[in-house]
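**Q** Please see the structure below; I have some questions.
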Amino acid sequence: MVGEHLLEVKNLKTTFLTEMGSVVAVDGMSLHVDYGETLGLVGESGCGKSVTAESIMRLLDERTTKYEGEILFKGQDLLSLPEKKMVDIRGNEIAMIFQDAMTSLNPVYTIGNQIVETILTHQKVSKKEAYEKAIEMLRLTGIPSPEKRILEYPHEISGGMRQRVMIAMALSCKPSLLIADEPTTALDVTIQAQILDVINELKKELNMGVIMITHDLGVVAEVCTRVAVMYLGQVIEEAPVDNIFTNSLHPYTKGLLKSIPKIEGDRNKKLYTIEGIVPSLHNIPKGCRFAPRCSFADEQCRTQSPVLKETDGGHKVRCWHYEKIGQMEEKIDVTATS
Amino acid sequence: MEMKPSIQMEPKIDYDNFTSIRNQLKKEQRSLFIKRFLSNRSVVIGGSILLVLIIFAIVGPMVSKYTPLEIDPVNRLQGPSAEHWFGTDNFGRDLFSRVAHGAQVSLGVGLSVAFLTAVIGLFVGLYAAYYSILDHIFMRICDALMAFPDILLAVAIMAVLGPRPVNVIIAVTIVKIPVVARIVRSSALVVKEQTYVEAMKTLGASSWRIIWFHTVPNALSPMIVQVTYIFAIAIILEASLSFLGVGIPAPNPSWGNILYDGKTVIYSAWWMTVFPGLFIILAVLGLNIFGDGLRDLLDPKSHKAINKQ
Amino acid sequence: MSQQQAEKEARKQSAPILQVKNLKKYYPITSPFGKTKDFVKAVEQVTFDLTEKETIGLVGESGCGKSTTGRTILRLTEPTEGAAIYKGRDLFTLKPKEMKKVRKEIQMVFQDPHSSLNPKKRIGEIIEESMKIHRIGNKAERIEKAMYLLRRTGIREDQYYKFPHEFSGGQRQRIGIARALAVNPSVFILDEPVSALDVSIQSQVINLLEELQDEFKLAYLFISHDLSVVRHISDQIGVMYLGHLVEKASTDELFENPLHPYTKALLSSIPIPDTRVRRERIILKGDVPSPINPPSGCVFHTRCPFVIEKCKKEKPIYKESTNGHLVACHLY
Chain A
1 MVGEHLLEVK
11 NLKTTFLTEM
21 GSVVAVDGMS
31 LHVDYGETLG
41 LVGESGCGKS
51 VTAESIMRLL
61 DERTTKYEGE
71 ILFKGQDLLS
81 LPEKKMVDIR
91 GNEIAMIFQD
101 AMTSLNPVYT
111 IGNQIVETIL
121 THQKVSKKEA
131 YEKAIEMLRL
141 TGIPSPEKRI
151 LEYPHEISGG
161 MRQRVMIAMA
171 LSCKPSLLIA
181 DEPTTALDVT
191 IQAQILDVIN
201 ELKKELNMGV
211 IMITHDLGVV
221 AEVCTRVAVM
231 YLGQVIEEAP
241 VDNIFTNSLH
251 PYTKGLLKSI
261 PKIEGDRNKK
271 LYTIEGIVPS
281 LHNIPKGCRF
291 APRCSFADEQ
301 CRTQSPVLKE
311 TDGGHKVRCW
321 HYEKIGQMEE
331 KIDVTATS
Chain U
1 MEMKPSIQME
11 PKIDYDNFTS
21 IRNQLKKEQR
31 SLFIKRFLSN
41 RSVVIGGSIL
51 LVLIIFAIVG
61 PMVSKYTPLE
71 IDPVNRLQGP
81 SAEHWFGTDN
91 FGRDLFSRVA
101 HGAQVSLGVG
111 LSVAFLTAVI
121 GLFVGLYAAY
131 YSILDHIFMR
141 ICDALMAFPD
151 ILLAVAIMAV
161 LGPRPVNVII
171 AVTIVKIPVV
181 ARIVRSSALV
191 VKEQTYVEAM
201 KTLGASSWRI
211 IWFHTVPNAL
221 SPMIVQVTYI
231 FAIAIILEAS
241 LSFLGVGIPA
251 PNPSWGNILY
261 DGKTVIYSAW
271 WMTVFPGLFI
281 ILAVLGLNIF
291 GDGLRDLLDP
301 KSHKAINKQ
Chain D
1 MSQQQAEKEA
11 RKQSAPILQV
21 KNLKKYYPIT
31 SPFGKTKDFV
41 KAVEQVTFDL
51 TEKETIGLVG
61 ESGCGKSTTG
71 RTILRLTEPT
81 EGAAIYKGRD
91 LFTLKPKEMK
101 KVRKEIQMVF
111 QDPHSSLNPK
121 KRIGEIIEES
131 MKIHRIGNKA
141 ERIEKAMYLL
151 RRTGIREDQY
161 YKFPHEFSGG
171 QRQRIGIARA
181 LAVNPSVFIL
191 DEPVSALDVS
201 IQSQVINLLE
211 ELQDEFKLAY
221 LFISHDLSVV
231 RHISDQIGVM
241 YLGHLVEKAS
251 TDELFENPLH
261 PYTKALLSSI
271 PIPDTRVRRE
281 RIILKGDVPS
291 PINPPSGCVF
301 HTRCPFVIEK
311 CKKEKPIYKE
321 STNGHLVACH
331 LY
């Protein structure tokens, strides 16, 4: 890790000011993304993964949102930039694609119009050049006969195609960071495979950094190089992707992995479950936030909050007992098989 | 709201304890509703104005020394004084007494219209939403009714029925039913597509049960808000009809009637137009503010936010 | 293990509780003047049997007709053709009164836990009402049973008088299940019951469904787009594409030996949550064609990597490979 990262988030804390008092949606978030790598941001609904992305883009309503910490993008702090400068960065340097491609496209303009508008906002090119660029981008995302497609309206094309158009639009200014917020959740598996391929190809081609926000650990395994697992507004584990799947340390990550039904192996076994439900952000548990649902929690977990600790090779975990738990689980497995 | 998926089986259920829990919960929910009701500024202000008017309509005629029809030609067109608080009209009748009695008539007409349009509109809207044949019939009738300007249609109906107080209620109700019916129909159509209605079908519920037990409670809020506005509009319509001479027949007082009488002497006796006019404004304003407040109160989005506490 | 298999064998021999035969559902598209212009061919000639206490999974992508199949069996939409024989009687020919009695025995669990419960009713009343419709027990018995079912599905009974919005998605799905259980059904049609839930909640609900199946002796028709979930819960799986059932087999058979190219592509495109597993992926080109004008011959031929001339002209018929493994493909 030489020099600076493409994006470095340091101790980000995003607070929503509501009628019922303030809610901390993201608490002490630190992460970084380099050129050409895909960081997976994983967690269940309400864990703050989307809020993190929106904080980086500063998309949240700033009258009711308070940011603390630093978001360094190419060395400059986005949080201290004036809104005017931020407009130049959004869409030009950092682009974002969303889950719902239908509502993210304006139904009254053609696809071409919308991509061209994005290009013209950020780049000094003629309209003709912009149209050529738009066609080029659509071709890159694998849309057949893009010259015809740019004249069509969003409702005339399928969901998979719309997501490709969104990607083409997001990447039309060749950004150096792409934030993809559940880009394939609304799509079918065969289309999902196509879209993930497109994102991966373009990442290599443009040498972008990508933040892939998803709840699907399968998608993570397919496309990510590094993963941060979030729970209730905090990163609880961060590691290279192989480590997450072979040697996860946090009981929450372990539990998630075990509770997914697999397409291989014994299917008659009962699924592992993480007990209980995710607490509300209005009611954050004391100590370790996962303690009430953790089967290994003890007095220390319930009273003192653990910090995100680096173990080795970039593997970080927020747990008091991660060393012990590994050994304990091995023992349980041994006794279960014998 | 913590919950454990693993359950210990206990065959007996503590019934007494359960009833107390239920009562406790219902009480909490009721007090929460009252709290929300009172914390809504529009509802409180609009409601207070209405309350004052209602009290005025009830108490006014009692405290007045004169009856509204008592003619006293000697003291005609006198300004407000200690004797005649709002002055007298061109027949020497006490204006305070007439305005107070008029309040009864105007509010009564408004309330009756609101009630009748609500009931009939609810019926029409619900059945139109659920049965397509009825939908065609009802909605074409509504279209035809809505094609006329309100006042024109009301005048035409009055012309056919004749100038009697009951007929004013009937005319204004007919004019306003399509509005309620359409609102109920559109919200019922939304509810109809909800999965819980489908779930009731799979459970074998009759259409009657689905319409009255499951659709009505969910389609009611927008209707209630609309009906408060109709209450206000009915007061204006009644006043307009009376002002045009086809409403509440003279010599019975209504706010519109009094305005009509005052029209000819507007330059010499300001009090004859100002007082009834003031009350019409007050009533309509109060109802509209109240309706706006209700709309916020019944909106499920604001509902959720407060319940999160 | 061997005992389990023996049990499964025994199950297979018992008569099917629900037989769906040649089910067809066309939605008419009407012009503004009420003339029927065309049809959306949502379900085409679907046939399968559901045995007691067994689970059959229906998988496929959105718009493949799997949900319509489930809804048509319950006559939430009227079928165009075909039969659904439940305990010897064809559901599609029953009069409304008889159908009401059958509805008690075939229950449905829906995908969206947020819209499947009436927001103005307390959850206890929601469960109680389903018993009231079928006149089961008196008030006290109904409350007692509703409380039992709530507890059985994992909701504390002191939450009986709370409203649906006070619960999380997973809890509401449990309430929906309790409501369906209240009328003593023998068949559950589950339409994407866990798709809207978070991973950690999903496994809780799947386990609950498995427990309830044993306890209440239920047969499940499990409709889902998620192959891993379907694999976990189903005994048999039917794969649907554009309204057609293209392949049907026992779960293990289907995953070990998929025969239809669509099934193969589907299996290969599931992202596996493990970086150690790397597979050859078959990435299908293009999108699913419109069900208004499905392709001629085999409906899959426009996207099939192994398409031959015959596929474009002739509709494939079902061929049986081994013990009940059916496939509709010319290449097999």
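These protein sequence lines map, in sequence, to chains A, U and D. For the first sequence, position 204 matches number 204 in the UniProt record's numbering, and the numbering has no gaps at all. For the second sequence, position 153 matches number 153 in the UniProt record's numbering, and the numbering has no gaps at all. For the third sequence, position 254 matches number 254 in the UniProt record's numbering, and the numbering has no gaps at all. Idealized CB from N, CA, C, for every residue including glycine. Predicted, not measured: the structure shown is a model, and the values here were computed from it.
Would you mind sorting Glu-2 of chain U into buried or exposed? The rule is 16 or more other CB atoms within 10 Å of its CB.
**A** Low confidence applies to Glu-2 of chain U: its pLDDT is 38, below 50, so where it sits in the model is not reliable, and the reading given next is rough at best. Sixteen is the threshold: since fewer than 16 other Cβ atoms of the shown chains lie within 10 Å of the Cβ of Glu-2 of chain U, the residue is exposed.
**Q** Only counting runs of 3 or more residues, tell me where the beta strand (DSSP E) segments fall wholly within the stretch 150-224 of chain D, in order along the chain.
**A** DSSP runs (the beta strand (DSSP E)) wholly in the stretch 150-224 of chain D: 187-191, 219-224.
**Q** Using DSSP's beta-bridge definition, name the partner residues of Arg-90 of chain A.
**A** A:Ile-94
**Q** DSSP on Glu-231 of chain A, reduced to helix/strand/coil?
**A** The sequence shown places Tyr at residue 231 of chain A, not Glu. Strand.
**Q** Going by DSSP, what residue range makes up the alpha helix (DSSP H) through Asp-135 of chain U?
**A** Its alpha helix (DSSP H) spans residues 132-146.
**Q** For the stretch 214-229 of chain U, which residues have a beta carbon sitting closer than 8 Å to at least one beta carbon of chain D?
**A** Listed by position, the residues of the stretch 214-229 of chain U near chain D (Cβ gap below 8 Å) are His-214, Pro-217, Asn-218.
**Q** Can you tell me where the beta strand (DSSP E) holding Gly-28 of chain A begins and where it ends?
**A** 21-33
**Q** Would you kindly report the start and end of the unbroken beta strand (DSSP E) that includes His-244 of chain D?
**A** 244-250
**Q** Can you name, in chain order, every residue of its own chain whose Cβ lies under 6 Å from the Cβ of Pro-68 of chain U, other than the five neighbours on each side?
**A** Taking Pro-68 of chain U as the centre and dropping the five residues before and after it, the same chain places the C-beta of Ser-97, Arg-98, His-101, Pro-253 closer than 6 Å to its C-beta, in chain order.
**Q** Which runs of the alpha helix (DSSP H) at least 4 residues long sit entirely within the stretch 186-233 of chain U? Give them in chain order.
**A** Runs found: 195-202.
**Q** Short of 8 Å in beta carbon distance, which residues of its chain neighbour Gln-8 of chain U, apart from the five on each side in sequence? Order them along the chain.
**A** In this predicted model, Gln-8 of chain U has a pLDDT of only 38, less than 50, meaning its place in the structure is not dependable; the value taken from the coordinates is given anyway. Excluding residues within five positions, none has a Cβ falling inside 8 Å.
**Q** From U:Ala-205, U:Tyr-229, U:Gly-286, pick the residue whose C-alpha is nearest to that of Glu-98 of chain D; which is it?
**A** U:Ala-205
**Q** Here's a check: name, in chain order, each residue in its chain whose Cβ is nearer than 8 Å to the Cβ of Leu-267 of chain D, leaving out the five neighbours to either side.
**A** Leu-227, Phe-255, Pro-258
**Q** In the DSSP assignment, find the unbroken alpha helix (DSSP H) run with Asn-293 of chain D in it and report its ends.
**A** Where Asn-293 of chain D is concerned, there is no enclosing alpha helix (DSSP H), given that its DSSP letter is neither H nor E.
**Q** Any residues in the stretch 224-242 of chain D with a beta carbon nearer than 7 Å to a beta carbon of chain A? Which ones, in chain order?
**A** Those would be His-225, Leu-227, Ser-228, Val-229, Arg-231, His-232, in chain order.
**Q** Can you list, in chain order, the residues of its chain with a C-beta nearer than 6 Å to that of Ile-179 of chain A? Leave out the 5 residues immediately preceding and following it.
**A** Ala-53, Met-96, Ile-211
**Q** Have a look at the DSSP bridge pairing and note the partners of Asp-292 of chain U.
**A** None; Asp-292 of chain U has no bridge partner.
**Q** What does Ile-133 of chain D touch in chain U if you count any residue whose Cβ is under 9 Å from its own?
**A** Met-200, Leu-203, Gly-204, Ala-205, Ser-206, Arg-209
**Q** Let me check understanding here. Comparing Cα to Cα, which of A:Glu-19, A:Ser-172, A:Thr-65 lies closest to Asn-113 of chain A?
**A** A:Ser-172
**Q** Tell me which same chain residues have a C-beta within less than 6 Å of the C-beta of Ile-308 of chain D, skipping the five on either side of it?
**A** none
**Q** When we look at the beta-carbon of Met-20 of chain A and count the other beta-carbons within 10 Å, is it buried (16 or more) or exposed?
**A** Counting C-beta atoms within 10 angstroms of its own C-beta, Met-20 of chain A has fewer than 16 neighbours from the protein chains shown and is therefore classed as exposed.
**Q** Taking 8 Å as the CB-CB limit, is Leu-94 of chain D close to chain E?
**A** Reference to chain E is not applicable here, since the protein chains of this structure are A, U and D.
**Q** Between Lys-310 of chain D and Gly-46 of chain A, what straight-line distance do the alpha-carbon atoms span, to the nearest angstrom?
**A** Computed Cα separation, rounded: 52 Å.
**Q** What are the boundary residues of the alpha helix (DSSP H) that residue 363 of chain D is part of?
**A** For chain D, the structure presents residues 1 to 332; residue 363 of chain D sits outside this window and is missing.
**Q** Span of the alpha helix (DSSP H) holding Leu-53 of chain U?
**A** Residues 41-63.
**Q** In angstroms, rounded to a whole number, what distance separates the CA positions of Leu-220 of chain U and Met-158 of chain U?
**A** 31 Å
**Q** On the DSSP letters alone, give me the boundaries of the beta strand (DSSP E) that Tyr-241 of chain D sits inside.
**A** For Tyr-241 of chain D, the uninterrupted beta strand (DSSP E) segment begins and ends at 236-241.
**Q** Given that a residue counts as buried once 16 or more other Cβ atoms are within 10 Å of its Cβ, and exposed if not, what is Pro-28 of chain D?
**A** exposed
**Q** Cβ atoms of Ile-150 of chain A and Ile-111 of chain A: under 8 Å apart, would you say?
**A** yes
**Q** Could you name the residues of the stretch 22-37 of chain U whose beta carbon sits closer than 7 Å to any beta carbon of chain D, in the order they occur along the chain?
**A** Arg-22, Leu-25, Lys-26
**Q** Give me the Cα-Cα distance between Thr-335 of chain A and Glu-275 of chain A, rounded to the nearest whole angstrom.
**A** Confidence at Thr-335 of chain A is low in this model, with a pLDDT of 47, below 50, so its placement is unreliable and the value that follows should be read with caution. If I take the Cα positions, the gap works out to 22 Å.
**Q** Distance check for Asn-22 of chain D and Tyr-131 of chain U, CA to CA, integer angstroms please.
**A** 31 Å
**Q** Pro-178 of chain U and Leu-145 of chain U look like a contact to me (Cβ under 8 Å); what is the Cβ gap, rounded to whole Å?
**A** Between Pro-178 of chain U and Leu-145 of chain U, the beta carbon gap of about 5 Å places them in contact (Cβ cut-off 8 Å).
**Q** CA-CA distance, Ala-234 of chain U and Asn-40 of chain U?
**A** 25 Å
**Q** Cα-Cα, which of A:His-5, A:Gly-160, A:Glu-62, A:Asp-88 is closest to Phe-16 of chain A?
**A** A:Glu-62
**Q** Can you confirm whether the stretch 86-93 of chain U touches the stretch 206-214 of chain U when touching is taken to mean that 3 or more C-beta pairs between the two stretches lie within less than 8 Å?
**A** no
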